[in-house]
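Residue numbers (my numbering), protein chains in the order written: chain A, 21 to 432; chain B, 21 to 432. Note that the Cβ used here is the ideal one computed from N, Cα and C, for glycine as well.
And the structure:
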């Protein structure tokens with residue numbers, strides 16, 4: 021077995037973490053920003069040092085390819101691909117995304133150092149704008165790669181300052197020539213921190229990810245009437261804030277009642293005029309619902325919508341709803357998922373099968389090739405937070421599972 | 021009987037409403053702003069045209085005094101005082117405050133035009149910063165006048181841009197020399213729009229105000245833990261936004277259950293980080309509770325506090341509470357309240373006894389002299405809103421009740 025070099029992997033994570041470093045130990049490398057460019061340049065430099073052929077595609081995805089034994093002729097042999105992303109949210113951690121990319125490079129380094137040639141090429145990729153913190157939709161690079169979003173639509177996506185993905189790709193020098201998706205992998209495996217508390221809480225070392233929860237994001241805008249908080253009897257109120265609050269309370273009760281992995285969150289909310297002594301005439305808020313079972317997700321959506329309609333009618337508040345995102349659950353390749361589990365168990369690491377609650381590039385890749393994910397614990401489940409942390413031993417354990425699986429896949 | 025001159029009163033309201041006029045028909049004359057100064061200058065000019073002796077006190081309250089028959093010696097005879105305020109909220113209406121001041125001047129005009137001398141002097145006052153929209157506390161001028169707030173404390177109150185009441189009074193030329201409260205009125209009567217929907221809904225012309233509801237304003241700051249909305253199971257959440265929502269829903273149910281004139285409002289709320297896919301780790305919100313019965317108000321306060329404590333404990337969210345304002349209910353002078361009712365009924369105007377849900381300068385004046393208020397309807401109860409409106413017939417009816425009561429009081 022090729023054994024992952026712990027200090028080497030940790031020092032690469034540390035070095036990439038210095039780019040866009042922010043107070044508290046986190047990173048801010050928003051997609052296609054100067055910091056993202058600096059991070060990309062660093063990782064591309066490492067790829068070249070490792071002898072990888074670096075391909076940049078038209079959405080800025082970067083793929084470093086280590087040649088396999090079989091060079092093939094016109095019918096090129098499909099590579100095994102691993103990777104993730106290196107962009108971050110505004111208050112991101114050091115491991116989210118970066119870990120999967122740098123662990124992939126560590127696998128290449130191990131093979132190089134030991135002079136091992138694999139039958140299939142091995143590709144290490146980082147995809148553009150996974151986070152969606154600056155440009156929507158998130159998972160943009162992998163979505164384009166898998167054919168789910170056209171290039172022109174992706175280029176037109178603009179940030180708050182009206183700078184577009186197309187312009188920013190050109191500006192930072194990552195508008196590549198390759199057609200996204202031209203390389204169809206034999207398999208794709210993504211190693212990632214859990215970004216949730218389950219493994220940490222249960223003291224399990226490796227999460228065997230069976231799929232990704234379906235996501236339903238709806239933005240509601242409620243319009244009532246603003247009135248004096250002292251002089252308006254309760255029965256005459258048309259309080260948009262009250263209706264919004266009742267949705268939050270209902271969503272919590274609904275998730276508890278449905279159980280399983282149903283989750284429901286009201287994360288964003290703003291009231292107008294937002295004054296202590298005025299009944300709010302406007303409430304804008306979001307409802308985030310997720311489930312691995314699409315029928316149950318639809319049930320949750322319908323029940324939240326029915327609740328809002330009922331309470332809004334009673335309060336004489338108008339409701340506008342806008343679907344911001346709707347992804348069906350993704351089920352990873354069962355056989356590849358089994359192999360993640362087997363490799364972890366062979367290393368005597370405790371495992372747990374689980375869905376991913378967060379979106380990942382892997383869910384897009386599953387559209388075009390057998391895909392699986394490996395999770396490692398996040399301390400206290402913190403994510404998108406400068407305090408995001410994974411213990412070194414867990415980082416190494418996950419990288420070792422990845423190495424063993426990738427090498428096995430590459431020998432097929 | 022001296023009959024109020026309708027067109028003259030309406031035209032004065034119209035002219036004052038032009039100063040700081042904003043789209044939709046309302047006014048923005050925040051206390052001690054340039055617009056407030058312009059409004060003050062206009063009204064002071066009118067006072068002087070009417071021959072009133074204008075006294076400006078050290079908190080900027082302006083009192084125009086029409087001499088009585090008895091000039092008195094060292095023991096001056098106490099004047100009858102009426103008035104209100106002319107500052108507005110940022111999106112204020114044209115009648116809130118202004119109506120009471122200009123109706124007072126109309127009473128003086130009537131007496132002047134008919135050459136009537138009253139035994140007691142008649143004073144028309146406008147008090148500084150009633151609204152509290154720029155500087156806290158609200159009702160500042162009348163509170164200082166009644167001895168409830170020291171001058172230095174009032175001077176130190178600062179707006180968001182750190183400009184203080186003292187500096188702004190000096191800047192606009194309204195830092196007067198008179199000691200606030202030096203004139204102790206025989207009685208104080210304030211005429212005001214209801215700012216609520218009750219009179220309009222019940223088609224009653226005159227509200228006979230028996231007192232002012234007690235007010236309890238509390239700001240809560242809840243601290244939980246921000247976590248990924250997809251990956252964090254419901255049972256592990258520490259969602260500050262959820263606790264805030266449950267308080268809003270509880271407060272509504274509580275007010276309904278307690279009945280009477282108990283009202284409860286969550287008017288201001290902000291979440292952090294306020295992102296669709298992040299469990300809020302922070303919620304800052306306000307609870308506004310009011311009742312005419314202080315024991316019931318205390319009960320409401322205690323039950324809201326107990327609810328927050330319970331839910332926050334279950335959610336493992338920390339609670340900080342800060343009392344922003346707490347005024348006990350005010351009961352107006354019973355005999356003066358009776359006289360308001362009698363004068364309205366003598367004019368064959370329908371009446372209704374009611375509390376004021378809003379705060380008014382009159383509640384401060386009740387501390388130093390017999391005080392009462394006269395309410396006229398607000399269409400649809402809209403207030404602190406550019407659509408605030410009172411029908412002309414109602415404006416005149418209220419002013420006539422005021423005139424008759426003030427003239428009677430001044431003859432005593």
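- Residues in the stretch 234–257 of chain B with C-beta within 9 Å of chain A's C-beta atoms, listed in sequence order? Under the 9 Å Cβ criterion, the stretch 234–257 of chain B contributes 235, 237, 239, 245, 246, 247, 248, 249, 250, 251, 252, 253, 254, 255, 256 and 257.
- Along chain A, in chain order, which residues have C-beta atoms closer than 9 Å to that of residue 404 of chain B? At a C-beta separation below 9 Å, residue 404 of chain B has these neighbours in chain A: 246, 247, 248, 293, 295, 297 and 298.
- Item | the stretch 327–342 of chain A in contact with the stretch 368–387 of chain A per 3-pair CB rule at 8 Å | At 8 Å Cβ cutoff, the stretches do not touch.
- Same chain only: Cβ atoms within 7 Å of residue 323 of chain A, ignoring 5 sequence neighbours per side: Correct list, in chain order: 274.
- Using Cβ-Cβ distances below 8 Å, what residues of the stretch 200–219 of chain B are close to chain A? If the cut-off is 8 Å between Cβ atoms, the stretch 200–219 of chain B has 214, 215, 216, 217 and 218 near chain A.
- Do you know offhand how far residue 427 of chain A's Cα is from residue 417 of chain A's? So the two alpha carbons sit approximately 16 Å from each other.
- Message: Counting only Cβ-Cβ distances shorter than 8 Å, please list the residues of the stretch 109–128 of chain B near chain A, keeping chain order.
- Response: Under the 8 Å Cβ criterion, the stretch 109–128 of chain B contributes 111.
- Scan the stretch 101–146 of chain B and note each continuous beta strand (DSSP E) run of 3 residues or more that stays entirely inside, going in chain order. Counting only unbroken stretches of 3 or more residues, the beta strand (DSSP E) elements lying wholly within the stretch 101–146 of chain B are 142–146, in sequence order.
- Query: Excluding sequence positions up to five away, which residues of its chain have a Cβ less than 8 Å from the Cβ of residue 321 of chain A?
  - Reply: Closer than 8 Å at the Cβ level, and outside the excluded window around residue 321 of chain A, lie 236, 238 and 309.
- Task: Closer than 8 Å by beta-carbon distance: list the chain B residues that pair up with residue 177 of chain A, in chain order.
- Result: Ordered by position in chain B, no residue passes the 8 Å Cβ test against residue 177 of chain A, which lies about 17 Å from the chain.
- Task: State the DSSP-derived secondary structure class of residue 166 of chain B, mapped to helix, strand or coil.
- Result: Here residue 166 of chain B carries a coil assignment [DSSP, helix/strand/coil].
- Selection from A:100, A:136, A:23 and A:31 that minimises the alpha carbon distance to residue 432 of chain A: The shortest C-alpha separation from residue 432 of chain A is found at A:100.
- Query: Can you find a C-beta in chain B that's less than 7 Å from the C-beta of residue 231 of chain A?
  - Reply: Interface residue (Cβ-Cβ distance to chain B less than 7 Å): residue 231 of chain A is not classified as such.
- Message: Tell me which residues share the same chain as residue 205 of chain B and place their Cβ nearer than 7 Å to its Cβ, disregarding the 5 neighbours each side in the sequence.
- Response: Within the same chain, and ignoring the five residues on either side of residue 205 of chain B in sequence, the residues whose Cβ sits closer than 7 Å to its Cβ are 98, 99, 100, 101, 143 and 389.
- Evaluate residue 141 of chain A with the Cβ neighbour count: other Cβ atoms within 10 Å of its Cβ, from every protein chain shown; 16 or more gives buried, anything less gives exposed. With 16 or more Cβ atoms within 10 Å of its Cβ, residue 141 of chain A is classed as buried.
- Message: With DSSP as the reference, identify every bridge partner of residue 311 of chain A, one or two as the case may be.
- Response: Paired residue(s): A:234.
- What's the gap between the Cα of residue 353 of chain A and the Cα of residue 391 of chain A? C-alpha of residue 353 of chain A to C-alpha of residue 391 of chain A: approximately 6 Å in a straight line.
- Item | Near the ligand GTP: residue 415 of chain B beta-carbon under 6 Å from a heavy atom | Among the ligands in the structure shown, none appear at all, so the ligand GTP cannot be discussed.
- Query: Among the residues of its own chain, which have a CB less than 6 Å from the CB of residue 297 of chain A, if the five just before and after it don't count?
  - Reply: Cβ within range, chain order: 249.
- Name the DSSP beta bridge partners of residue 376 of chain B, please? Residue pairing from DSSP places residue 376 of chain B in a beta bridge opposite B:232.
- Query: Applying a beta-carbon distance threshold of less than 9 Å, which residues of chain B neighbour residue 371 of chain A?
  - Reply: The contacting residues do not exist; residue 371 of chain A stays about 17 Å from chain B at best.
- Message: For chain B, check one thing: does any of its Cβ atoms lie closer than 7 Å to the Cβ of residue 306 of chain A?
- Response: Look at residue 306 of chain A: its C-beta is under 7 Å from a C-beta on chain B.
- Query: Since residue 246 of chain A and residue 301 of chain A are thought to touch, with beta carbons under 8 Å apart, how far apart are those beta carbons, to the nearest angstrom?
  - Reply: The beta-carbon distance between residue 246 of chain A and residue 301 of chain A, rounded to whole angstroms, is 4 Å. This is short enough to meet the 8 Å contact definition.
- For residue 342 of chain B, which residues does DSSP report across the bridge? Residue 342 of chain B pairs with B:239.
- Task: Along the alpha helix (DSSP H) that carries residue 266 of chain B, what are the first and last residues, could you check?
- Result: Per DSSP, the unbroken alpha helix (DSSP H) holding residue 266 of chain B starts and ends at 260–278.
- Task: Could you please tell me which residues of the stretch 353–364 of chain B, in chain order, have their CB closer than 7 Å to any CB of chain A?
- Result: Flagged: no residues at all.
- Just the Cα atoms here: how many angstroms apart are residue 36 of chain A and residue 208 of chain A? Each residue's Cα considered, the two are about 23 Å apart.
- residue 423 of chain A to residue 22 of chain A, Cα distance in whole Å? Answer to the nearest angstrom: the Cα atoms are 8 Å apart.
- With distances taken from CA atoms, which of B:276, B:269 and B:256 is nearest residue 285 of chain A? Measuring from the Cα of residue 285 of chain A, the nearest candidate turns out to be B:256.
- When the Cβ atoms of the stretch 401–408 of chain A are set against those of the stretch 112–126 of chain A, are three or more pairs found closer than 8 Å? Contact between the stretch 401–408 of chain A and the stretch 112–126 of chain A is present, because at least three Cβ pairs lie under 8 Å.
- Message: Under 8 Å: do the stretch 376–383 of chain A and the stretch 192–206 of chain A share three or more Cβ pairs, one atom per stretch?
- Response: Note that the stretch 376–383 of chain A does not touch the stretch 192–206 of chain A; fewer than 3 beta-carbon pairs, one per stretch, sit closer than 8 Å.
- Mind checking whether residue 137 of chain A and residue 89 of chain A have CB atoms under 7 Å apart? A contact, by the Cβ cut-off of 7 Å.
- Query: Which partner residues does residue 350 of chain A have in the DSSP bridge list?
  - Reply: According to DSSP, which records beta bridges pairwise, residue 350 of chain A is partnered with A:232.
- Does any CB atom of chain B fall closer than 7 Å to the CB of residue 154 of chain A? False, the Cβ-Cβ gap to chain B never drops below 7 Å.
- Message: Excluding the 5 residues flanking residue 124 of chain B on each side, which residues of the same chain have their C-beta closer than 6 Å to its C-beta?
- Response: Excluding residues within five positions, the ones whose Cβ falls inside 6 Å are 102, 103 and 144.
- Residue-chain proximity (residue 262 of chain A, chain B), Cβ-Cβ < 7 Å: Chain B contact via Cβ: present.
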